[in-house]
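Asks: Sharing a structure here in structure tokens format.
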Amino acid sequence: MKQLILVLSLTIWVGTACMKAQQKEFSEKISKEVPFGNTSANTLIIKNVFGSIDIQGYNGDKVVMEVMRIITAKSVEDLELGKKELQLKVTTDPDRLILRPDAPYIEFDDDNLRYNWCNQEEWPYDHSLHFDVKVPWSVKINISTINDGEILVKNMKGDYLKVNNINGGITLENVSGQTDLHCINGDVSIAYVNNPTEDSKYYSLNGDINVKYQQELSANVSFKTMNGELFTDFDIAKQYMDAKRSFEGKKAKYTYQATPKLQIGKGGIALDFETLNGDVYLKKI
């Protein structure tokens with residue numbers, strides 16, 4: 151029996167090695183600089199599909215990017231097709247800079263910042279773009295990725311952050327500004343150098359949300375979850391339920407929904423947290 155298991159294991163290993171040997175790979179580093187004013191009127195937008203996003207703010211007036219483009223395929227012909235088709239698209243508007251993958255099978259709506267069509271079955275190769283970007287620290291940020299990558303944002307002093315990741319975590323370090331964050335399969339970690347001054351939203355379906363605020367935080371915190379809990383080392387000034395009534399149908403059917411809320415400090419802005427299978431931790435810096 152032991153000998154049979156060894157033979158099977160060897161067969162599996164050899165098969166795996168052969169598959170890896172058949173895979174062809176191409177990679178290149180794309181370096182670009184784009185003038186971009188260090189002002190809150192400007193927005194950096196990255197809409198990635200496969201790959202990571204790493205952003206670092208600095209006191210400058212250019213977006214300096216290094217993007218690693220990786221193509222893999224089973225044949226040289228398919229690899230060459232991927233090298234030709236899959237490109238980095240850079241769109242410059244008066245107050246926006248949009249970075250994203252581009253190919254004949256990808257349709258992107260620049261106005262609404264979303265993909266209209268992207269059919270993975272149409273191409274015989276795999277691809278990814280990994281963004282490493284230095285950006286003026288006062289600009290707004292609107293970034294997202296879907297697969298095969300984490301998101302990291304550091305040292306941003308702008309007044310708005312919108313960050314989405316489907317299959318990966320999100321880390322924001324030394325940031326400020328109103329925050330709209332959405333994560334499906336990953337943990338969220340945030341540390342604010344300045345607390346948000348506008349209502350902010352944080353969502354993670356299958357991961358924890360860990361946020362560090364400055365000690366002078368004043369906010370009304372709401373929390374929705376299925377299987378999680380909320381923990382904080384801030385003093386709670388008040389706990390209450392926020393009940394909302396909605397009208398449905400012609401028979402005057404009303405639905406009431408109550409959301410638990412916490413008042414930290416004097417209250418003020420709304421900080422909304424929602425998870426399905428994750429906990430929320432609110433900590434002092």
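Per the working numbering, the sequence shown starts with residue 151, numbered consecutively.
Cβ coordinates follow ideal geometry from the N, Cα and C atoms, glycine included.
Predicted model only: the values in this text are computed from it and were never measured.
Does the beta-carbon of GLU424 have 16 or more other beta-carbons within 10 angstroms, so that it is buried, or is it exposed?
Replies: Against the sequence shown, residue 424 aligns to sequence position 274. Under this definition GLU424 is a buried residue.
Asks: When the distance is taken between beta carbons, is LEU412 closer than 7 Å to ASP371?
Replies: Sequence index remark: in the sequence shown, residue 371 carries index 221 (1-based). Sequence index remark: in the sequence shown, residue 412 carries index 262 (1-based). With the sequence shown as reference, residue 371 is identified as Val, and Asp is not the correct amino acid for it. Yes, the Cβ-Cβ distance between VAL371 and LEU412 is below 7 Å.
Asks: Please identify the residue among PHE381, GLU300, ASP252 whose C-alpha is closest to the C-alpha of ILE316.
Replies: One-based indexing of the sequence shown puts residue 316 at position 166. The shortest C-alpha separation from ILE316 is found at GLU300.
Asks: Would you mind reading off the limits of the alpha helix (DSSP H) that contains LYS450?
Replies: Outside the modelled stretch of the chain, which goes from 151 to 435, sits residue 450, for which no answer is possible.
Asks: So, is MET215 buried or exposed, given that buried needs 16 or more other C-beta atoms within 10 angstroms?
Replies: The count along the sequence shown starts at 1 and reaches residue 215 at position 65. Burial call: buried.
Asks: Please determine, among LEU432, LYS362, GLY319, the residue with the shortest C-alpha to C-alpha distance to ILE386.
Replies: Locating residue 386 in the sequence shown gives position 236, where the first residue counts as 1. Taking only the C-alpha atoms, the option nearest ILE386 is LEU432.
Asks: Beta strand (DSSP E) containing LEU426: first to last residue?
Replies: Your numbering for residue 426 matches position 276 in the sequence shown. No beta strand (DSSP E) holds LEU426; DSSP gives it neither H nor E.
Asks: Roughly how far, in whole angstroms, is the beta-carbon of TYR363 from the beta-carbon of LYS312, given that I think they are within contact range, below 8 Å?
Replies: Taking the sequence shown and counting its residues from 1, one reaches residue 363 at position 213. Taking the sequence shown and counting its residues from 1, one reaches residue 312 at position 162. About 19 Å separates the two Cβ atoms, so there is no contact after all.
Asks: What do you reckon, are the CB atoms on VAL184 and VAL213 nearer than 7 Å?
Replies: In the sequence shown, the residue the question calls residue 184 occupies position 34. In the sequence shown, the residue the question calls residue 213 occupies position 63. Yes.
Asks: How close, in whole Å, do the beta carbons of GLY232 and PRO286 come, if the pair is a contact with beta carbons under 8 Å?
Replies: Along the sequence shown, one-based indexing puts residue 232 at 82. Along the sequence shown, one-based indexing puts residue 286 at 136. With 8 Å as the limit, GLY232 and PRO286 do not qualify as a contact, their Cβ atoms being about 33 Å apart.
Asks: In this structure, does DSSP put GLU178 in helix, strand or coil?
Replies: Here residue 178 refers to the residue found at position 28 of the sequence shown. The answer is strand: DSSP assigns GLU178 an E or B state.
Asks: Could you check whether LYS179 and ALA223 sit closer than 7 Å to each other, using their CB atoms as the reference points?
Replies: Your numbering for residue 223 matches position 73 in the sequence shown. Your numbering for residue 179 matches position 29 in the sequence shown. Against a cut-off of 7 Å, the Cβ pair of LYS179 and ALA223 comes out as no contact.
Asks: Below 8 Å CB to CB, which residues in the same chain sit around PHE381 once its five sequence neighbours on both sides are set aside?
Replies: For the purposes of this step, residue 381 is taken as residue 231 along the sequence shown, with counting starting at 1. These residues qualify, in order along the chain: ASP429, VAL430, TYR431, LEU432.
Asks: What are the residues that DSSP puts in a beta bridge with VAL325?
Replies: Counting from 1 along the sequence shown, the entry for residue 325 is found at position 175. DSSP output for VAL325 lists TYR342 as bridge partner(s).
Asks: Could you round the C-beta distance between ILE333 and TYR310 to whole angstroms and report it? I think they count as a contact, below 8 Å.
Replies: Taking the first residue of the sequence shown as 1, we reach residue 333 at position 183. Taking the first residue of the sequence shown as 1, we reach residue 310 at position 160. Per the sequence shown, the amino acid found at residue 333 is Cys instead of Ile. Wrong, their Cβ atoms sit about 18 Å apart, outside the cutoff.
Asks: When we look at the beta-carbon of PRO346 and count the other beta-carbons within 10 Å, is it buried (16 or more) or exposed?
Replies: Counting from 1 along the sequence shown, the entry for residue 346 is found at position 196. Label assigned to PRO346: buried.
Asks: I'd like the list of long-range same chain contacts for SER339, defined as Cβ closer than 6 Å, with 5 residues on each side in sequence excluded.
Replies: Translated into positions along the sequence shown, residue 339 becomes position 189. Same-chain partners within the cutoff: THR321, ASN360.
Asks: Considering only their Cβ atoms, is the gap separating PHE200 from ASN132 smaller than 7 Å?
Replies: This structure does not reach residue 132, given that the chain is present from 151 up to 435, and the question cannot be answered.
Asks: Taking the C-alpha atoms as reference points, what is the distance between ILE256 and VAL217?
Replies: Mapped onto the sequence shown, residue 256 falls at position 106. Mapped onto the sequence shown, residue 217 falls at position 67. If I take the Cα positions, the gap works out to 19 Å.
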